[in-house]
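Quick note: the sequence shown, position 143, residue 1236 per this note's numbering, numbers continuous.
Where is the CB? At the ideal position from N, CA and C, for every residue including glycine.
All values derive from a computational prediction rather than experimental measurement.
I have placed the structure first, in the form of structure tokens, so that the comments after it can refer back to it.
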Amino acid sequence: GGIFTSVMPEMKSTLISSMIVMSVSMGALIGLPPSLLETYGSDVKQMYKANGVPVYLGLVTMAFSAFIHLMLTTAILMLAPPLFGAALPASLFRFFPALALYTIASLGIGSVLGLAAKSQAKLTMAAQLVFLPSIMLSGIMFPASLLPGPLEGAGRIFPAFWGYRAMLDGGLRLENLWYLVLVSCLAFG
């Protein structure tokens, strides 16, 4: 937060959303998938079956736990105003639904990565291939409009682009939410 606001003082109005996109993306795309791979790529999956526990229950509990933890993390980021002079969102009643939807979409992608990977090495590479462009092309570090057209267009593939816009003041609109709903439905469907 201090680095962002010292380089670009005008980021004080978007700092909380930027920090949240970074932390949610990191937790969902880098934190959740290894846990899923460890569970579903090992004997734990067989123990679920042997004891009559639905196999999907591990995914549900891990994704729900990650959601709760990411919401707690974002609550801590609300300390940015006194720490970095950041501005709170104008309407927290609009901010938190956008945040929740963005978090669900990101956890959906993280779940797909964790369930599809066959090894930790491949998972790490795949997660980084999604995480890094997601952050770099989302507009949280600098306006996405400064990117060349093809890169700005590529950034629209990632939920971070849409989540960031939805969390900005006045951003809780269908044009910013439809993609997050689509990704969530595809990932968890």
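Going by DSSP in three states, residue 1217 sits in which element: helix, strand or coil?
The residue you call residue 1217 lines up with position 124 of the sequence shown. In the displayed model, residue 1217 falls within a helix according to three-state DSSP.
Please confirm if the region 1174 to 1181 is in contact with the region 1118 to 1135, defined as three or more CB-CB distances below 8 Å between the two stretches.
Because the criterion of three Cβ pairs below 8 Å is not met, the region 1174 to 1181 and the region 1118 to 1135 do not touch.
If you run the structure through DSSP and keep just helix, strand and coil, what is residue 1246?
Here residue 1246 refers to the residue found at position 153 of the sequence shown. In the structure shown, residue 1246 adopts helical secondary structure according to DSSP, grouped into three states.
Is it right to say residue 1167 is buried, meaning 16 or more other beta carbons lie within 10 angstroms of its own, or is it exposed?
Position 74 of the sequence shown, counted from the first residue, corresponds to residue 1167. Buried: at least 16 other Cβ atoms inside 10 Å.
How is residue 1253 classed by DSSP in three states: helix, strand or coil?
Against the sequence shown, residue 1253 aligns to sequence position 160. In the three-state reduction of the DSSP assignment, residue 1253 falls in the helix class.
Whether or not the region 1230 to 1238 and the region 1196 to 1216 are in contact is what I'm after, with contact meaning three or more pairs of Cβ atoms, one per stretch, closer than 8 Å; do they touch?
With the cut-off at 8 Å, the region 1196 to 1216 and the region 1230 to 1238 do not touch.
Integer-rounded CB distance, given that residue 1254 should sit under 8 Å from residue 1222
On the sequence shown, residue 1222 is found 129 positions in, with the first residue counted as 1. On the sequence shown, residue 1254 is found 161 positions in, with the first residue counted as 1. Rounded to the nearest angstrom, the Cβ distance from residue 1222 to residue 1254 is 16 Å, too far for a contact under 8 Å.
Report the three-state DSSP secondary structure of residue 1241 (helix, strand or coil).
For the purposes of this step, residue 1241 is identified with residue 148 of the sequence shown, where counting begins at 1. Residue 1241 sits in coil when the DSSP states are folded into three classes, being neither helix nor strand.
Do the region 1144 to 1160 and the region 1110 to 1117 meet, that is, are 3 or more Cβ pairs less than 8 Å apart?
The region 1144 to 1160 vs the region 1110 to 1117: no contact.
Where do the ends of the alpha helix (DSSP H) carrying residue 1161 lie?
Position 68 of the sequence shown, counted from the first residue, corresponds to residue 1161. Start and end: 1149 to 1169.
Quick one: what's got a C-beta closer than 6 Å to residue 1197's C-beta in the same chain, skipping five residues either side?
The sequence position of residue 1197 within the sequence shown is 104, counting from 1. Leaving aside the five residues that flank residue 1197 on each side, the residues in its chain whose CB is nearer than 6 Å to its CB run, in chain order, 1277.
On the CB-based measure, 16 or more other CB atoms within 10 Å of its CB, does residue 1248 come out buried or exposed?
Within the sequence shown, numbered from 1, the residue matching residue 1248 stands at position 155. Only buried fits residue 1248, as 16 or more other CB atoms lie within 10 angstroms of its CB.
Residue 1063, DSSP secondary structure in three states
Only positions 1094 to 1282 of the chain appear in this structure, which leaves residue 1063 out of reach.
For residue 1218, is the classification buried or exposed, using 16 other Cβ atoms within 10 angstroms of its Cβ as the cut-off for buried?
Taking the sequence shown and counting its residues from 1, one reaches residue 1218 at position 125. So residue 1218 ends up on the exposed side.
Taking 8 Å as the limit between beta carbons, can you name the residues of its chain near residue 1150, skipping five residues before and five after?
Here residue 1150 corresponds to residue number 57 of the sequence shown, with the count starting at 1. Excluding residues up to 5 positions away in sequence, 1141 lie with their Cβ nearer than 8 Å to the Cβ of residue 1150 in the same chain.
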